[in-house]
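Colleague: What follows is a single structure, and I will ask about it in a moment.
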Amino acid sequence: MSMAGRRKVLLVAPACDGDDVGESWVAFQWASLLAERVDLTLLSTYKRGHRPPSQQLPGVEVVEWPEPPGVHRFERLNSLMQPGYAPFEFRARRWLKQRLASGDGFDIAHQVVPVAMRYPSPAAGLGIPFVIGPVGGSLSSPPAFAEEEGATPWYQRLRALDRWRMRADPLLRRTYESADCVIGVAPYARELLSGLRLKRFEVMSETAIHAVKPPIDRSGRSGPVRLLHVGRIIRTKGLRDVIRALGLLADLDVVLDVVGDGNDRAACEALVAELGLQDRVVFHGAIPRAEVDGFYERADVFVFPSYREPGGNVSLEAMAYSLPLVVCRRGGPGANVDDSCAFRLDAVSPEQLAADCAAAVRRLVEDPGLRARMGAAARIHAERAHLWSARLDQLSSLYDELAPRSA
1 MSMAGRRKVL LVAPACDGDD VGESWVAFQW ASLLAERVDL TLLSTYKRGH RPPSQQLPGV
61 EVVEWPEPPG VHRFERLNSL MQPGYAPFEF RARRWLKQRL ASGDGFDIAH QVVPVAMRYP
121 SPAAGLGIPF VIGPVGGSLS SPPAFAEEEG ATPWYQRLRA LDRWRMRADP LLRRTYESAD
181 CVIGVAPYAR ELLSGLRLKR FEVMSETAIH AVKPPIDRSG RSGPVRLLHV GRIIRTKGLR
241 DVIRALGLLA DLDVVLDVVG DGNDRAACEA LVAELGLQDR VVFHGAIPRA EVDGFYERAD
301 VFVFPSYREP GGNVSLEAMA YSLPLVVCRR GGPGANVDDS CAFRLDAVSP EQLAADCAAA
361 VRRLVEDPGL RARMGAAARI HAERAHLWSA RLDQLSSLYD ELAPRSA
């Protein structure tokens, strides 16, 4: 415990950048908010040409190393396989051993990223109370979707090795079995770790929202009901299934806004043309964060049937904007919502998912009162379950249990 009585926490986050996106941005949220409550030391790296975390986190002790040269050239490959992780893990573990040997230790160590369960932690097995997570991922696709995923890049198919590695890699097993607590992004993460002897498992989404938006009254709107899909356009995000669902709703005045880009966009655009939906589907591409907020405000229903989604931050954003949701039951989005605000769909086959998505959208389009009630419930659920303040309260309680404060 520090002189001021604040807990000394070591945060391990190989990517931590408030100017970036994805896990790096999420790690920055954890670091900046934890620093308000604890004496924080951060172990991290930084991209060349980016502001290092030491310049973004005043008051935090930051130990940082530059990202190895060349890894940034292939962004998606880098985000999946993280070739720079091994040198980070080596440097961080060596630094931590030296720090502990000097007698200047920590009350607790916590690794928050990567979310994927494929990386050993430099803080494991060193005698410090140790937390890892929120972790998730390693979800497999339902077999019936495999044919349509044929264009998936080879490196994304390496996810199939994750479960084998968890059984066979002693360093990876040690990380999880030595952890005083493993935090999963959703209950499914515990199932993926079922072969390990975990000391404790808790559920907590890897991200949250700072505040919900003021209630939005959509009752006086005229024109078509606006559906919204936000995210990378890859097969697993379910955009093809939304487009097929729209093809089953020819009698309804509905349009779909698509925000995002990715390698499945051409296939989705071809499907729109095949179904004659050019006047009902608009592809907006990847747009600045500030402009995405406007799409949430203008939307009436958020439709995101991603069937292999580990977390699903966009579902939290949609709830913050009082939107009813249509999501898949499996993975993070299904765990983030409840039945008061969302239709949770099974994902058995593309035909079934499109049909069920169409049925859910039809109910919401034909019943404005249901839309309004579910939208209001979404905002309430987000405020109760998904604010950063509540997330940090939950984490502080966990720290207290694992490393009680001295009197």
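Take the sequence shown: its letter number 137 is residue 137 in full-length UniProt numbering, and every next letter is one higher. No residue lacks a Cβ here, since even glycine has one placed at the ideal position from N, Cα and C.
Going along the chain, which residues of its own chain have a beta-carbon closer than 6 Å to the beta-carbon of residue 283, five neighbours each way excluded?
Modeller: Excluding sequence neighbours, residue 283 sits near 258.
Colleague: Kindly indicate which three-state DSSP category residue 3 falls into: helix, strand or coil?
Modeller: In this prediction, residue 3 has a pLDDT of 48, which is less than 50 and means its spatial position is unreliable; what the coordinates show is noted afterwards. In the structure shown, residue 3 sits in coil (DSSP, three-state: anything other than H, G, I, E or B).
Colleague: Applying the criterion that 16 or more other CB atoms from any shown protein chain within 10 Å of the CB defines a buried residue, is residue 104 buried or exposed?
Modeller: So residue 104 counts as exposed.
Colleague: What does DSSP give as the partner residues of residue 110 in its beta bridges?
Modeller: Answer by DSSP bridge pairing, in chain order: 11, 131.
Colleague: Helix, strand or coil: which one does DSSP assign to residue 293?
Modeller: Three-state DSSP puts residue 293 in a helix.
Colleague: Could you work out which residue in 185, 69, 62 is closest to residue 115 when comparing CA atoms only?
Modeller: Closest by alpha carbon: 185.
Colleague: In whole angstroms, what is the alpha-carbon distance linking residue 99 and residue 394?
Modeller: Approximately 28 Å, taken between the alpha carbons.
Colleague: For the candidate residues 174, 193, 170, 198, whose alpha-carbon lies nearest to that of residue 181?
Modeller: Checked all of 174, 193, 170, 198; the closest Cα to residue 181 is 198.
Colleague: Can you round the beta-carbon distance between residue 337 and residue 229 to whole angstroms, since I take them to be within the 8 Å contact cut?
Modeller: Not confirmed; about 16 Å, so no contact.
Colleague: Could you check what DSSP says for residue 320 in three-state terms: helix, strand or coil?
Modeller: Helix.
Colleague: What is the rounded straight-line gap between the Cα of residue 407 and the Cα of residue 392?
Modeller: Only weak support is given to the placement of residue 407: the predicted model assigns it a pLDDT of 47, under 50, and the value that follows is read from those uncertain coordinates. Computed Cα separation, rounded: 23 Å.
Colleague: For the UniProt domain "Glycosyl transferase family 1" (223-379), list the alpha helix (DSSP H) runs that are entirely contained and at least 4 residues long, ordered along the chain.
Modeller: Here the runs fully enclosed are 239-247, 265-274, 289-298, 313-320, 332-336, 350-366.
Colleague: What does the alpha-carbon distance come out to for the pair residue 6 and residue 384?
Modeller: So the alpha carbons of these two residues sit roughly 27 Å apart.
Colleague: Work out the CA separation of residue 267 and residue 149 for me, nearest whole Å.
Modeller: For residue 149 and residue 267, the distance between alpha carbons rounds to 11 Å.
Colleague: Does the segment 344-358 come close enough to the segment 218-226 to have 3 or more Cβ pairs within less than 8 Å?
Modeller: Contact between the segment 344-358 and the segment 218-226 is absent, because fewer than three Cβ pairs lie under 8 Å.
Colleague: Since I believe residue 57 is in contact with residue 42 (beta carbons under 8 Å), could you give me their beta-carbon distance rounded to a whole number of angstroms?
Modeller: With 8 Å as the limit, residue 42 and residue 57 qualify as a contact, their Cβ atoms being about 7 Å apart.
Colleague: Within the same chain, show all residues whose beta-carbon is closer than 8 Å to that of residue 265, passing over the 5 residues directly before and after it, in chain order.
Modeller: Cβ neighbours of residue 265 beyond the five flanking positions: 233, 283.
Colleague: Could you give the first and the last residue of the continuous beta strand (DSSP E) run that contains residue 90?
Modeller: That residue, residue 90, is in no beta strand (DSSP E); its alpha helix (DSSP H) goes 85-101.
Colleague: Measuring only the C-alpha atoms, how far is residue 240 from residue 97?
Modeller: Rounded to the nearest angstrom, the two C-alpha atoms are 50 Å apart.
Colleague: Does residue 413 pass the burial test, meaning 16 or more other C-beta atoms within 10 Å, or should it be called exposed?
Modeller: In this structure the chain extends from 1 to 407, so residue 413 is not present and cannot be described.
Colleague: Three-state secondary structure (DSSP) at residue 384?
Modeller: Reduced to three states, the DSSP call for residue 384 is helix.
Colleague: Taking the alpha carbon of residue 192 as the reference point, which residue from 205, 318, 176, 271 has its own alpha carbon closest?
Modeller: Out of 205, 318, 176, 271, 176 has the C-alpha closest to the C-alpha of residue 192.
Colleague: With 16 as the cutoff for other CB atoms within 10 Å, does residue 217 come out buried or exposed?
Modeller: Classification of residue 217: exposed, given that the 10 Å Cβ count is below 16.
Colleague: Are at least three pairs of beta-carbons, each pair with one atom in the segment 200-216 and one in the segment 242-249, less than 8 Å apart?
Modeller: Flag = no, the segment 200-216 and the segment 242-249 do not touch.
Colleague: In the DSSP output, what is residue 202 paired with across the bridge?
Modeller: Looking at the DSSP assignment, residue 202 forms a beta bridge with 183.
Colleague: For residue 122, which three-state DSSP category applies?
Modeller: Reduced to three states, the DSSP call for residue 122 is coil.
Colleague: With distances taken between CB atoms, is the gap from residue 92 to residue 122 smaller than 8 Å?
Modeller: Yes.
Colleague: Ends of the beta strand (DSSP E) at residue 404?
Modeller: Looking at the DSSP string, residue 404 is not in any beta strand (DSSP E), and its letter there is neither H nor E.
Colleague: What's the call for residue 107, buried or exposed, on a 16-neighbour Cβ count within 10 Å?
Modeller: Burial call: buried.
Colleague: With respect to the alpha helix (DSSP H) encompassing residue 177, which residues constitute its N-terminal and C-terminal limits?
Modeller: First-last of the alpha helix (DSSP H) with residue 177: 170-178.
Colleague: Please name the residue or residues paired with residue 65 in a DSSP beta bridge.
Modeller: Residue 65 is bridged to 45.
Colleague: Along the chain, where does the alpha helix (DSSP H) that runs through residue 33 open and close?
Modeller: Its alpha helix (DSSP H) spans residues 22-34.
Colleague: Which residue from 321, 310, 276, 280 puts its Cα closest to that of residue 293?
Modeller: For the residues 321, 310, 276, 280, the minimum Cα distance to residue 293 belongs to 321.
Colleague: Determine the burial state of residue 29: buried for a count of at least 16 other Cβ atoms within 10 Å of its Cβ, exposed for fewer.
Modeller: So residue 29 ends up on the buried side.
Colleague: Could you check what DSSP says for residue 39 in three-state terms: helix, strand or coil?
Modeller: In the structure shown, residue 39 sits in a strand (DSSP, three-state: E or B).
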